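J.: Residue numbers (the working numbering): 9 to 246.
Just so it is clear, CB atoms sit at the ideal spot from N, CA and C, and this is done for glycine as well.
Please read these numbers as outputs of a predicted model, since none were measured by experiment.
Here you go, one structure.
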Amino acid sequence: MGQSLVSIRALVFDLDDTLWDNPPLIAAAEQAQYAYLQAHLPALTRDISYTQVQAARLHFAQSLAPKHIQADLSALRRAALAHLIAPYVSYHVKKVQQLAEGAFQAFWHARQQVQDFLFADTLSTLEYLYPRYLLGVLTNGNADLHYIGLAHYFQFSYSAADVGAPKPEPALFTRAQTHLGLMPQQLMYIGDDPDKDVQAAQVLGWHTGWIDRGLHQKPAHLHPSLHLRQLSELCNFF
């Protein structure tokens, strides 16, 4: 272990695109949501295509969503679905709520099916690390580690919804520090996004591990403690 890493006591992970391949997982979940709408509200899907439903959700999130739900991806999706569904049920509140919740649940359950999308070295790396270090999770997303079956590896998991702010804002990182009672130099954050994961933790004094799978160009200002091509390389340092 490098001298600068000796002080580390906890390794904290991002989830999406760090432990599993997120785009195909979310695509499958979006398809499950659309299939629910096709079955339960065919008038909507006759008018609005799969890609248009996605575009409508993004527009709602960017332009129409109340500020207090913007960090909560589950609340944001429910609200976007309700907004989309309402004209097709004459704005009947109970019907809107029932259909929006049904469509959300179709998405959510499919979104948790990560097992087929885990990177090949995820489980072996977690098996190696969790007896040796405190492990935690900080995520902007709404994956449920208990439902997925990975919670036993981690001492804690916080989402943007828990603190009311997404990465790269500092709230998630400071929550983890408070939870663990550790100093920044005793912590490493591991993630795939140069700005939301690596830079966000780095400016707070954390060690950082950048999982670089070629999805992002390395910014000139980025200087992670570890520049890794795959998760299992962590085992060479800890």
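Are there 16 or more other CB atoms within 10 angstroms of the CB of Leu-223, so buried, or fewer, so exposed?
T.: Here residue 223 is taken as the residue at index 215 of the sequence shown, counted from 1. Per the 10 Å Cβ criterion, exposed.
J.: Span of the beta strand (DSSP E) holding Phe-21?
T.: Translated into positions along the sequence shown, residue 21 becomes position 13. Taken as a continuous stretch (DSSP letters only), the beta strand (DSSP E) holding Phe-21 covers 18-21.
J.: Just to check my reading of the structure: Phe-181 and Leu-234 have Cβ atoms closer than 8 angstroms, yes? What is that Cβ distance to the nearest angstrom?
T.: By one-based count along the sequence shown, residue 181 stands at place 173. By one-based count along the sequence shown, residue 234 stands at place 226. Not a contact, Cβ separation roughly 17 angstroms.
J.: Can you tell me whether DSSP reads Trp-28 as helix, strand or coil?
T.: Against the sequence shown, residue 28 aligns to sequence position 20. Strand, per DSSP.
J.: Report buried or exposed for Arg-54, applying the criterion of at least 16 other Cβ atoms within 10 angstroms of its Cβ.
T.: The count along the sequence shown starts at 1 and reaches residue 54 at position 46. Under this definition Arg-54 is an exposed residue.
J.: State buried or exposed for Glu-135, treating a residue as buried only when at least 16 other CB atoms are found within 10 Å of its CB.
T.: As a working note, residue 135 is residue 127 in the sequence shown. Exposed.
J.: Look at Pro-176 and Leu-212 and say whether their C-beta atoms are less than 8 angstroms apart.
T.: Here residue 176 is taken as the residue at index 168 of the sequence shown, counted from 1. Here residue 212 is taken as the residue at index 204 of the sequence shown, counted from 1. Not a contact, by the Cβ cut-off of 8 angstroms.
J.: Determine, using beta carbons only, whether Phe-162 and Gly-144 come nearer to each other than 8 angstroms.
T.: For this step, residue 162 is matched to residue 154 along the sequence shown. For this step, residue 144 is matched to residue 136 along the sequence shown. Yes; because the gap between Cβ atoms is below 8 angstroms, this pair is in contact.
J.: Below 8 angstroms between beta carbons: does that hold for Ala-169 and Val-20?
T.: Counting from 1 along the sequence shown, the entry for residue 169 is found at position 161. Counting from 1 along the sequence shown, the entry for residue 20 is found at position 12. Contact flag unset, no.
J.: Report whether the distance from the Cβ of Leu-137 to the nearest heavy atom of the ligand SAM is below 7 angstroms.
T.: What this structure holds is no ligand at all, so the ligand SAM is not there to describe.
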